[in-house]
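Numbering (the working numbering), first residue to last: 3 to 315. Positions of the beta carbon are idealized from the N, C-alpha and C atoms, including for glycine. Taking it in order: structure first as structure tokens, then the write-up.
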């Protein structure tokens, strides 16, 4: 029965244990960015499981709600049938045994005396059949109402379970947010900003790019809280007062060609047939907005993309 399956599924729920308390500030500062990233990954995996558990329980709750709707749709007709059967039995008994129209009772008395016992048994059988029909209808109504009560109790239990799962989800999300903040602090401590020299505009450009670290990639976005690759380079150079188009190929046309040896912080590095662009920050690294699976981050200039060339606005 679907009711038992749904109930068993909810009874089997084992909420994940509460996550470990967040590290103290001193403990967090003692961790490397790599260690913090490992914690973020671990919590993210826990969160994925919780979200999937939440989705599964919500599906089961929807099944329970559907069953309740089906029962509520059946009950009026069954209750009406039971009422009709009850009325028929009552009318039959009144007609047969209490006077009123005595035709039915007289039909038993009339006729050949030798058939009297058979006619009386027939009358009893009719009464019994009516009672059986009534009993069957009432039993079905009672069974449906019992299932309805069980499902409504299951609904209440499911709501509690979903609330607990949702609370766990929010706790881990908050923990991940704190860990990501710790990661940024640790990474900044491990990778101090390079000496940007006297190149005009680079301090503002690179400083702007650093400020966007960890923000999400969104296709077509140019800030202020999400970016795609050319949107980030456009925003960074706008901070230095230079206008660039929101397109990597157009930015290639808008910048002067330089060699790799001439690279200075703030220069642009173009990849993949001008389909991608990043900001050079010195020390052989760039800041870029890679794709929708990750965030604005620092990577090696030769991180894997095929370099087309270098440009200086």
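Give the straight-line distance between the Cα atoms of residue 214 and residue 299, rounded to the nearest whole angstrom. 8 Å
Three-state secondary structure assigned by DSSP to residue 163: helix
Quick check on this structure: which residue in 189, 251, 177 has the alpha carbon closest to the alpha carbon of residue 43? 177
Give me the residue from 258, 192, 274, 280 with the minimum Cα distance to residue 315. 258
In the DSSP assignment, what residue or residues form a beta bridge with residue 315? Its beta-bridge partners do not exist; DSSP assigns none.
Residue 208 - DSSP class collapsed to helix/strand/coil: helix
Residue 253 to residue 232, Cα distance in whole Å? 8 Å
If I measure Cβ to Cβ from residue 247 and keep anything under 8 Å in the same chain, skipping five residues before and after, which residues do I get? 232, 236, 253, 256
Figure out for me which residue from 64, 58, 291 has the closest Cα to the Cα of residue 218. 291
Leaving out the 5 sequence neighbours to the left and right, which residues in its chain are closer than 7 Å to residue 153 when beta-carbon positions are compared? 5, 66, 69, 70
By the three-class DSSP mapping on this structure, what secondary structure does residue 47 have? helix
Residue 187 versus residue 179 - alpha carbon distance: 13 Å
For the candidate residues 266, 272, 189, whose alpha-carbon lies nearest to that of residue 316? Past the edges of the chain, shown from 3 to 315, lies residue 316, and the structure says nothing about it.
Out of 62, 245, 280, 56, state which residue places its alpha-carbon closest to the alpha-carbon of residue 230. 280
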